[in-house]
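Here is the structure we will look at, set down as structure tokens.
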Amino acid sequence: MRILIAEDDASLASGIAKILRTEGHAVDIVTVGEHASLAAQQEHFDLVILDIGLPGVDGYEVLRRLRAAGLRTPVLVLTARDELEDRVRGLDLGADDYMTKPFAMPELAARVRALIRRSQARVGQVTTHGPLVLDSAARRATLDGVPLELAAREWAVLEVLLARVERVVSKETIIQAVAGWDEELSPNAIEVYVSRLRAKLEPAGIRIRTVRGFGYLLEAVADR
Ligand code: CA
């Protein structure tokens, strides 16, 4: 999963990032409200951890903008305030959960797991594309009913393409969905993942077309 942390306390942000990375997530950090709002709208995140006391645009306003833009990404609010009114305000604005500082890291990790489970259950994570079935919650794929082995990054690339069938997806979009900002992932690496996916999918009639100089397009398949 890819998680955005918006927190201006550097040591707290890096502590949260550390525990989430050990749980296998890709984590990015912003320290200013304006950046949180832009990043969450321009790129795909599975969860946003949002401090209310951010410099400039505060966390409440960030949350309001995200929900106003129709974004349904789960948001866990961090607040130094423990006033009932503040909590109610966060939840009213569309926060999915909140934690009051100071908190214990294992509790934060547990809340994050719960939020991710909840949002996956809500989306109903089974995607079908002709003979291909992808069950994201169970992390299982089948092709013509036969289990299909996909490496973690092949899986991530395929999910991005499946979310945009018949639309051109830039390599940059794929890189952003697959890696965190501080991970080096070159366009060449994406080519490797796509060619592995082709080797696995084309025998079943699923085609990923190259759009030269730009990216890829997953072709629609006829219903059978
Ligand atoms: Ca703060």
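Numbering that gives the first Met the number 0 numbers the first residue of the sequence shown as 0 and each following residue consecutively. Each residue gets a CB set at the ideal place from its N, CA and C atoms; glycine is no exception.
Inter-residue Cα distance where the pair is residue 35 and residue 177: 19 Å
Thinking just about the alpha-carbon of each residue, which of 75, 167 and 13 is nearest to the one in residue 96? 75
Alpha-carbon spacing of residue 169 relative to residue 82, whole angstroms: 45 Å
Beta-ladder partner(s) of residue 0, from DSSP: Looking at the DSSP assignment, residue 0 forms no beta bridge with any residue, so it has no partner.
Range covered by the alpha helix (DSSP H) that runs through residue 85: 83 to 91
Is residue 91 near ligand 1, going by C-beta to nearest heavy atom under 7 Å? no
How about residue 57 and residue 32: do their beta carbons lie closer than 8 Å? yes
What does DSSP give as the partner residue(s) for residue 125 in the beta ladder? 134
Can you pull every residue whose C-beta falls closer than 5 Å to some heavy atom of ligand 1, listed in chain order? 7, 50 and 52
Backbone secondary structure at residue 205 - three-state DSSP: coil
Between the Cα of residue 205 and the Cα atoms of 157, 117 and 118, which residue gives the shortest distance? 157
Sub-8 Å separation of residue 6 and residue 28 beta-carbons: yes
Helix, strand or coil, according to DSSP, for residue 212 in the structure here? coil
Check this for me: beta carbons of residue 46 and residue 72, under 8 Å apart or not? yes
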